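Residues 2 to 285 in my numbering are what the sequence shown spells out, letter by letter. A virtual CB, placed ideally from N, CA and C, is assigned to each residue, including glycine. Predicted, not measured: the structure shown is a model, and the values here were computed from it. A short write-up of the structure that comes next.
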Amino acid sequence: MAPLVLRTVAETAAWVESLRRSGRSLALVPTMGYLHDGHLSLMREGRRRADVVAASIFVNPTQFGPNEDLSRYPRDLEGDLTKCASAGAEAVFTPEPAEMYPPGFQTSVTVGEVSQGLCGARRPGHFQGVATVVTKLLCLFKPRVALFGEKDYQQLQVIRALERDLCLGVEIVGMPTVREPDGLAMSSRNAYLSPEERHRALALSRGMAAAQALHQRGTREAAALVDVVRRELAAAGLREDYVELVDATSLKPLSAVTPGQPARMIIAAFAGKTRLIDNQPIGG
Numbered sequence: 002m003a004p005l006v007l008r009t010v011a012e013t014a015a016w017v018e019s020l021r022r023s024g025r026s027l028a029l030v031p032t033m034g035y036l037h038d039g040h041l042s043l044m045r046e047g048r049r050r051a052d053v054v055a056a057s058i059f060v061n062p063t064q065f066g067p068n069e070d071l072s073r074y075p076r077d078l079e080g081d082l083t084k085c086a087s088a089g090a091e092a093v094f095t096p097e098p099a100e101m102y103p104p105g106f107q108t109s110v111t112v113g114e115v116s117q118g119l120c121g122a123r124r125p126g127h128f129q130g131v132a133t134v135v136t137k138l139l140c141l142f143k144p145r146v147a148l149f150g151e152k153d154y155q156q157l158q159v160i161r162a163l164e165r166d167l168c169l170g171v172e173i174v175g176m177p178t179v180r181e182p183d184g185l186a187m188s189s190r191n192a193y194l195s196p197e198e199r200h201r202a203l204a205l206s207r208g209m210a211a212a213q214a215l216h217q218r219g220t221r222e223a224a225a226l227v228d229v230v231r232r233e234l235a236a237a238g239l240r241e242d243y244v245e246l247v248d249a250t251s252l253k254p255l256s257a258v259t260p261g262q263p264a265r266m267i268i269a270a271f272a273g274k275t276r277l278i279d280n281q282p283i284g285g
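Shown next, in the form of structure tokens:
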């Protein structure tokens, strides 16, 4: 069955109120559309955790920098609605930017430490845009649970922090990165890659696998683990944006992997003009 398409805040609020009156619980999956199996895995998990699943499809302008890809970000609303139906979403919120940011809009949400460094340093204002729109969506839908992919790992930590700090009462669930059979992390921006660039992009997952293997052989120093990733990126002709080993919760850089302290290898690199991100747990 095709999902109900909600285009305004008012009709969404009315739909949410009808759910509340019926006593049904809600899982929310916020997206920017151009959906792939990673997004659909969140919706399927949402169905296991709540009575009803809703998704949002909104290319949020406030999280794009002035020289980023807002105007060309891939869009396919008709195809996305079909995919949402296949994953069991009952409603999809697809607002216009003016609906989310009407005249006079003057409020933003800033998350502190976990939004610093990594993508936060390279994309000024990005996480303020993410935090603001996600806060709006959580307040509008009032879900029991909201689901996000671990591929955007820093984003996930930002959202966990804002939910906790603002006492929003929503369970934030991070789901494992869904990958293509050859290891490439699924991403809407993969559509930008030429066949040759896509082949070279496999160096991200290959580098993380090399770091994990090195750690399993006994290497604990961050510099050595990071270096093996950098060598893979360089060998594939990718331009590194950053490669860092960080604490999995605080995202603060680590000098070494310590037993019992979960760590993440987090990567951003360019294949041609396309910026790709990926991450993987190390140790812990």
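*Determine which residues share a DSSP beta bridge with D248 and list them.*
A264
*Under the assumption that E241 contacts R231 (Cβ atoms under 8 Å), give the Cβ distance between them as a whole number of angstroms.*
6 Å
*Alpha carbon to alpha carbon, what distance is there between G66 and A287?*
No answer is possible for residue 287: it lies beyond the span of the chain, which begins at 2 and ends at 285.
*Entirely within the stretch 128 to 211 and at least 4 residues each: give me those alpha helix (DSSP H) ranges in chain order.*
154 to 166, 196 to 202
*For Q107, which of helix, strand or coil comes out of DSSP?*
coil
_If distances are taken between C-alpha atoms only, which option among G273, R50, D38 comes closest to K152?_
D38
*Assigned exposure category for M2 - 16 Cβ within 10 Å defines buried*: exposed
*Beta carbon of R265, beta carbon of I278: below 8 Å?*
no
*Nearest-angstrom Cβ-Cβ length linking E91 and V115, presumed shorter than 8 Å*: About 32 Å separates the two Cβ atoms, so there is no contact after all.
_Pull the bridge partners of F271 from the DSSP assignment, please._
R240, R276
*Taking the C-alpha atoms as reference points, what is the distance between Q262 and V60?*
36 Å
*asked:* Let me check understanding here. Comparing Cα to Cα, which of M44, L20, E164 lies closest to G150?
replied: M44
*asked:* Between S19, N191, P62, which has its C-alpha nearest S72's C-alpha?
replied: P62
_Cross-strand partners of L29 (DSSP beta bridge)_ = A55, A147
*Can you list, in chain order, the residues of its chain whose CB lies under 7 Å from that of E181, leaving out five sequence neighbours each side?*
M187
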